[in-house]
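Q:
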């Protein structure tokens, strides 16, 4: 009787493994762990269910490529709001792990394009900090002293001058001082 139950369990595990394999082939690579568990429980190999380790590697790379394309799109969206250094670093690490190149994600994508997104993110951060410093929103006393250095840092990381975002060092110094009188540039 136990042999019959074991054989039934192996058939069930094989059926579950086949279902997990179909899911992996349909683009749900995260089901690979389920597939491996069902194969181990049934005492089967990938070859026993019509697959191979080479196919699994190919499916994993396709899955990674798809995820990395989404990451690239996310970087382009986030750069509109601020810095994307961490996101770009993560993208490059995942590309290396998957043994893919930027061109595998998008033929027009190269290191210069990544760097331009990095600069755009820092430029947008500098503009955002400037707008907050210029704004007439209620602020605590230390607000300008905290945010002016962030503005300067964003300008440096973007490789920009204050003039590139329609301000000057004089205005930044004035805002940082915390004075509330209207600023009138000299010269």
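In my numbering, the protein residues as written are 369 to 555. From the three backbone atoms N, C-alpha and C, an ideal C-beta is built for every residue, glycine too.
How many Å lie between residue 476 and residue 418 at the Cα?
A: In the chain shown, counting from the first residue as 1, residue 476 sits at position 108. In the chain shown, counting from the first residue as 1, residue 418 sits at position 50. For residue 476 and residue 418, the distance between alpha carbons rounds to 37 Å.
Q: Give, in chain order, every unbroken run of the alpha helix (DSSP H) that is at least 4 residues long and sits entirely within the region 396–422.
A: If we require 4 residues or more, the alpha helix (DSSP H) runs fully inside the region 396–422 come out as 400–410.
Q: Using a Cβ-Cβ cutoff of less than 8 Å, which residues in the same chain neighbour residue 478 once the five nearest sequence positions on both sides are dropped?
A: The residue you call residue 478 lines up with position 110 of the chain shown. Counting only Cβ-Cβ distances below 8 Å, and skipping sequence neighbours, we find 470, 471.
Q: Determine the direct distance from the alpha carbon of residue 516 to that of residue 495, and round the result to whole angstroms.
A: Translated into the one-based positions of the chain shown, residue 495 becomes position 127. Translated into the one-based positions of the chain shown, residue 516 becomes position 148. Straight-line Cα distance between these residues: approximately 11 Å.
Q: Kindly list the residues whose CB is nearer than 8 Å to the CB of residue 345, restricted to its own chain and excluding five residues on each side of it in sequence; keep chain order.
A: No statement about residue 345 is possible, as the shown extent of the chain runs from 369 to 555 and does not include it.
Q: Taking the alpha helix (DSSP H) that residue 448 belongs to, which residues open and close that run?
A: Within the chain shown, numbered from 1, the residue matching residue 448 stands at position 80. Careful: residue 448 lies outside any alpha helix (DSSP H) and carries neither H nor E.
Q: Hey, quick one: how far does the alpha helix (DSSP H) through residue 541 stretch, first residue to last?
A: For the purposes of this step, residue 541 is taken as residue 173 along the chain shown, with counting starting at 1. Run containing residue 541: 537–545, per the alpha helix (DSSP H) assignment.
Q: Spatial neighbours of residue 379 within its chain, please: C-beta separation below 6 Å, excluding the five flanking residues on both sides.
A: In the chain shown, counting from the first residue as 1, residue 379 sits at position 11. Closer than 6 Å at Cβ, skipping near neighbours: no residue.
Q: Am I right that residue 427 and residue 393 are in contact with their C-beta atoms under 8 Å? What's the rounded C-beta distance?
A: For this step, residue 427 is matched to residue 59 along the chain shown. For this step, residue 393 is matched to residue 25 along the chain shown. So it is a contact: roughly 7 Å between Cβ atoms.
Q: Select from 382, 381, 435 the residue whose C-alpha is nearest the C-alpha of residue 396.
A: Here residue 396 is taken as the residue at index 28 of the chain shown, counted from 1. Residue 396 has its Cα closest to that of 435, out of 382, 381, 435.
Q: Who are the near neighbours of residue 555 in its chain, counting only those whose CB is closer than 7 Å to its CB and skipping five residues on each side?
A: For the purposes of this step, residue 555 is taken as the residue at position 187 of the chain shown. With a pLDDT of 47 at residue 555, under the threshold of 50, the modelled position of that residue is not reliable, and no figure is offered here.
Q: Out of 466, 467, 485, 431, point me to the one whose CA is closest to residue 454's CA.
A: As a working note, residue 454 is residue 86 in the chain shown. Taking only the C-alpha atoms, the option nearest residue 454 is 485.
Q: Hey, residue 388 and residue 403: beta-carbon distance below 7 Å or not?
A: Along the chain shown, read from residue 1 onward, the residue named residue 388 stands at position 20. Along the chain shown, read from residue 1 onward, the residue named residue 403 stands at position 35. Yes, they are a contact pair.
Q: In angstroms with no decimal places, state the Cα-to-Cα distance between residue 535 and residue 423.
A: In the chain shown, the residue the question calls residue 535 occupies position 167. In the chain shown, the residue the question calls residue 423 occupies position 55. Looking at the two C-alpha atoms, the distance is approximately 57 Å.
Q: With H, G and I counted as helix, E and B as strand and the rest as coil, what does DSSP make of residue 434?
A: Translated into positions along the chain shown, residue 434 becomes position 66. In the structure shown, residue 434 sits in a helix (DSSP, three-state: H, G or I).
Q: When DSSP labels each residue in this structure, what does residue 530 get in the three-state scheme?
A: By 1-based counting over the chain shown, the position of residue 530 is 162. Helix.
Q: The alpha helix (DSSP H) spanning residue 484 covers which residue range?
A: For the purposes of this step, residue 484 is identified with residue 116 of the chain shown, where counting begins at 1. Note, residue 484: alpha helix (DSSP H), 479–502.
Q: From what residue to what residue does the alpha helix (DSSP H) around residue 468 run?
A: Translated into positions along the chain shown, residue 468 becomes position 100. It is not in any alpha helix (DSSP H) - residue 468 carries neither H nor E in the DSSP assignment.
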